[in-house]
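Input: a single structure, listed below in structure tokens.
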Amino acid sequence: RVMEMGQEWIDAIIDSAPLEKILKRYKPNEVLGYYKPDEILDHYKPDEVLDHYKPEQRLAGLTEEQRLAGLTEEQILAYLERLKHSQH
Numbered sequence: 005r006v007m008e009m010g011q012e013w014i015d016a017i018i019d020s021a022p023l024e025k026i027l028k029r030y031k032p033n034e035v036l037g038y039y040k041p042d043e044i045l046d047h048y049k050p051d052e053v054l055d056h057y058k059p060e061q062r063l064a065g066l067t068e069e070q071r072l073a074g075l076t077e078e079q080i081l082a083y084l085e086r087l088k089h090s091q092h
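Right, dumping it as structure tokens:
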């Protein structure tokens, strides 16, 4: 019961405090340092993680070279052909 009350206090404080004020006290690495991505992601398969994103979101952070790296030769040639036609 004591733990529940403690959690209720924590939740009430966090809910009532302005987020900007809380975040000003910490550096980004201090906030994110609490999380261990490997431990979180270990529970998921790559497909499960990617299912949460639309195809265009999956590619958003990649360079052109990285996007093309996963394509077959035929897909790359078709892509280059489309580029050539779009420039004329």
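All residue numbers for the sequence shown refer to this note's numbering, where the first residue is 5 and numbers rise by one. C-beta: ideal position from N, C-alpha, C; glycine also. Remember, it's a predicted structure, so these values are computed and weren't measured experimentally.
Am I right that VAL53 and LEU63 are in contact with their C-beta atoms under 8 Å? What's the rounded C-beta distance? At roughly 15 Å, the Cβ-Cβ gap does not stay under 8 Å, so VAL53 and LEU63 are not in contact.
>> Measuring only the C-alpha atoms, how far is GLY10 from ALA16?
In response: 10 Å
Exercise for review: Ignore the nearest five residues each way along the sequence and tell me which others in ARG1's own chain have a CB closer than 7 Å to its CB.
Suggested key: Residue 1 lies beyond the residue range present for the chain, which begins at 5 and ends at 92; the question has no answer from this structure.
Check your understanding: Out of curiosity, what's the CA-to-CA distance linking VAL35 and LEU27?
Key -> 8 Å
Point to revise | Helix, strand or coil at GLN91 [DSSP, three-state] | key: coil
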